[in-house]
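Novice: Got a structure for you, questions after.
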Amino acid sequence: MATASARHILVDSEELCNELKARIQGGEDFAALAKEYSSCPSGKQGGELGSFGRGQMVPEFDQVVFSAPVNEVQGPVRTQFGYHLLEVTARED
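Its first residue numbered 1, the sequence shown is counted upward by one per residue in full-length UniProt numbering.
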């Protein structure tokens, strides 16, 4: 079974999501921004979601996590929860 580890930042607007992505691409720390901005409880751990299998997350999230390059920030990804920046930190197919 395919598994992945990822971290994310969850916010309520696409604009803020894009702003945070630009800040990360400009060299700011993903984990620090997750702690400051993410509305998900995982934000306290720098956005770390741990390891999970295909189908354990909402479909939009799952699709990105199991197809995106590792260690590259993806998003904004819109789900029922809001807008996510995602970074796959490891994946085994």
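We treat Cβ as the ideally placed atom computed from N, Cα and C, and that holds for glycine.
Am I right that R91 and A32 are in contact with their C-beta atoms under 8 Å? What's the rounded C-beta distance?
Specialist: Position 91 of the sequence shown, counting from 1, holds the residue named residue 91. Position 32 of the sequence shown, counting from 1, holds the residue named residue 32. Wrong, their Cβ atoms sit about 24 Å apart, outside the cutoff.
Novice: Please say whether V65 and A6 have beta carbons closer to each other than 8 Å?
Specialist: Your numbering for residue 6 matches position 6 in the sequence shown. Your numbering for residue 65 matches position 65 in the sequence shown. Cβ distance < 8 Å, so A6 and V65 count as in contact.
Novice: Do L10 and F61 have their CB atoms nearer than 8 Å?
Specialist: Numbered from its first residue, the sequence shown carries residue 10 at position 10. Numbered from its first residue, the sequence shown carries residue 61 at position 61. No, Cβ-Cβ distance for L10 and F61 is not below 8 Å.
Novice: Once you ignore the five residues that flank E72 on each side, which residues in its own chain have a CB closer than 8 Å to its CB?
Specialist: Here residue 72 refers to the residue found at position 72 of the sequence shown. Within the same chain, E72 has close Cβ partners E87, V88.
Novice: Tell me which same chain residues have a C-beta within less than 8 Å of the C-beta of K21, skipping the five on either side of it?
Specialist: By one-based count along the sequence shown, residue 21 stands at place 21. Cβ neighbours of K21 beyond the five flanking positions: V73, G75, P76, L85.
Novice: For Y83 versus C40, is the C-beta spacing smaller than 8 Å?
Specialist: Here residue 83 is taken as the residue at index 83 of the sequence shown, counted from 1. Here residue 40 is taken as the residue at index 40 of the sequence shown, counted from 1. Result no, Cβ atoms of Y83 and C40 do not sit closer than 8 Å.
Novice: Could you tell me the boundaries of the beta strand (DSSP E) in which E87 lies?
Specialist: Here the question's residue 87 lines up with position 87 in the sequence shown. Unbroken beta strand (DSSP E) run through E87: 82-92.
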